[in-house]
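Going from the sequence shown to this note's numbering is simple: count from 1 and add 44.
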Amino acid sequence: CAVVIASRLLLLGQGSFCSWQDNRTLVVHLGVKSTCVPGDTFVISNNSVHAGGQLSLPSAASSSVFIPSSSLVPPVAVLSAPPRIGTCDDLVLDASLSYNNGGRAMGFTWSLVAAGGTTP
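What follows is the structure, encoded as structure tokens:
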């Protein structure tokens, strides 16, 4: 990837690599702890891309938009909580066993819904 992409390589994660799917499509395989998000842009290096299988002038620098693959595996939430607590007890929720595709850090948002579906 370092030959083709001029900047922001650290966003691709450890062990990332690039491969050509065909003469027009460069596929970037994200590594562990990638921090790319949809909408990120990357600069294609000057003189790094030529037309496949023929003589051509090299590429000029340009920007490319990161588009996620449709085959991404959704995150899996694993929640550990006591089956019941006392009225004055603290509720401790543990989602540390949750995981996602690519080793990215996960964030959580909690909300409380009372019996009957109302929010207290």
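The beta carbon of each residue, even a glycine, is placed where N, CA and C say it ideally should be.
Just so you know, these numbers come straight off a predicted model, no measurement behind them.
For residue j and residue i, believed in contact at Cβ under 8 Å, the rounded distance
i, j, result
"valine 47", "serine 89", "7 Å"
"aspartate 133", "serine 124", "Incorrect: roughly 16 Å between the Cβ atoms, too far for contact."
"cysteine 62", "valine 71", "7 Å"
"asparagine 144", "proline 119", "4 Å"
"alanine 121", "serine 155", "About 14 Å; that fails the 8 Å criterion."
Terminal residues of the beta strand (DSSP E) in which residue i lies
i, result
"threonine 85", "85 to 88"
Per-residue burial, residue i [other beta carbons within 10 Å of its own, 16 or more giving buried]
i, result
"leucine 53", "exposed"
"serine 51", "exposed"
Residues bridged to residue i (per DSSP)
i, result
"cysteine 62", "Val72"
"aspartate 134", "Looking at the DSSP assignment, aspartate 134 forms no beta bridge with any residue, so it has no partner."
"serine 124", "Asp138"
"isoleucine 49", "Ile88"
Through-space distance from residue j to residue i, alpha-carbon basis
i, j, result
"histidine 73", "cysteine 80", "11 Å"
"threonine 131", "methionine 150", "30 Å"
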